[in-house]
Amino acid sequence: MSTNIHILKAVRVAFGYSQADVAAMINVSRRSVIRMENGEDNGQSTFKAVQAEFERQGVRFVKADEEGGWGVRMPKGWNGPSPELSDTPSLQEREDD
């Protein structure tokens, strides 16, 4: 894997995206995103597509090395979810997607 599943999920949550939002961005079913986040994406196609989409949005993934684990660098100027997402569901509601 090019990065860690948990890092991709953390980026999704940090951006305020639901699983359905991410699915629409990469043109897959919401169930595909759920399977990917549960580690069930054996072909890794959804995983790679999600990572590529986040990279397109300016996210940079940091590989694990002898100094530490996986990490992420958010786009320059990123200050949390955009204002239009301020009414997004709580984390628990998003997890129920």
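All residue numbers for the sequence shown refer to the working numbering, where the first residue is 309 and numbers rise by one.
Think of the CB as a built atom: it goes at the ideal place given N, C-alpha and C, for glycine as much as any other residue.
Which residue comes first and which comes last in the beta strand (DSSP E) that contains V274?
There is no way to answer for residue 274, as the model of the chain reaches only from 309 to 405.
Where do the N-terminal and C-terminal ends of the alpha helix (DSSP H) with V319 fall, by residue?
Position 11 of the sequence shown, counting from 1, holds the residue named residue 319. From DSSP, the alpha helix (DSSP H) with V319 extends over I313 to F323.
Between the Cα of F323 and the Cα atoms of G376, V367, M344 and G377, which residue gives the shortest distance?
Taking the first residue of the sequence shown as 1, we reach residue 323 at position 15. Nearest neighbour of F323 by Cα position, chosen from G376, V367, M344 and G377, turns out to be V367.
Y325 versus E374: straight-line alpha-carbon distance, rounded
Along the sequence shown, one-based indexing puts residue 325 at 17. Along the sequence shown, one-based indexing puts residue 374 at 66. Cα to Cα, Y325 sits roughly 32 Å from E374.
What number of angstroms, rounded off, separates the C-alpha of G379 from the C-alpha of A331?
Counting from one through the sequence shown, the residue named residue 379 turns up at place 71. Counting from one through the sequence shown, the residue named residue 331 turns up at place 23. Straight-line measurement puts the Cα of A331 at about 23 Å from the Cα of G379.
Neighbourhood of M344 by C-beta, 6 Å cutoff - its chain only, sequence neighbours within 5 removed
For the purposes of this step, residue 344 is taken as the residue at position 36 of the sequence shown. The residues are T354 and F355.
Assuming Q359 and L316 are in contact, meaning their beta carbons sit under 8 Å apart, how far apart are those beta carbons, in whole angstroms?
If you number the sequence shown from 1, residue 359 lands on position 51. If you number the sequence shown from 1, residue 316 lands on position 8. Yes, Q359 and L316 are in contact; Cβ-Cβ is about 6 Å, under 8 Å.
Could you compute how far the alpha carbon of G347 sits from the alpha carbon of A357?
As a first step, residue 347 must be located in the sequence shown, where it is residue number 39. As a first step, residue 357 must be located in the sequence shown, where it is residue number 49. The straight-line gap from Cα to Cα measures roughly 15 Å.
Using a Cβ-Cβ cutoff of less than 7 Å, which residues in the same chain neighbour R338 once the five nearest sequence positions on both sides are dropped?
For the purposes of this step, residue 338 is taken as residue 30 along the sequence shown, with counting starting at 1. Within the same chain, R338 has close Cβ partners Q327, A328, A331 and D405.
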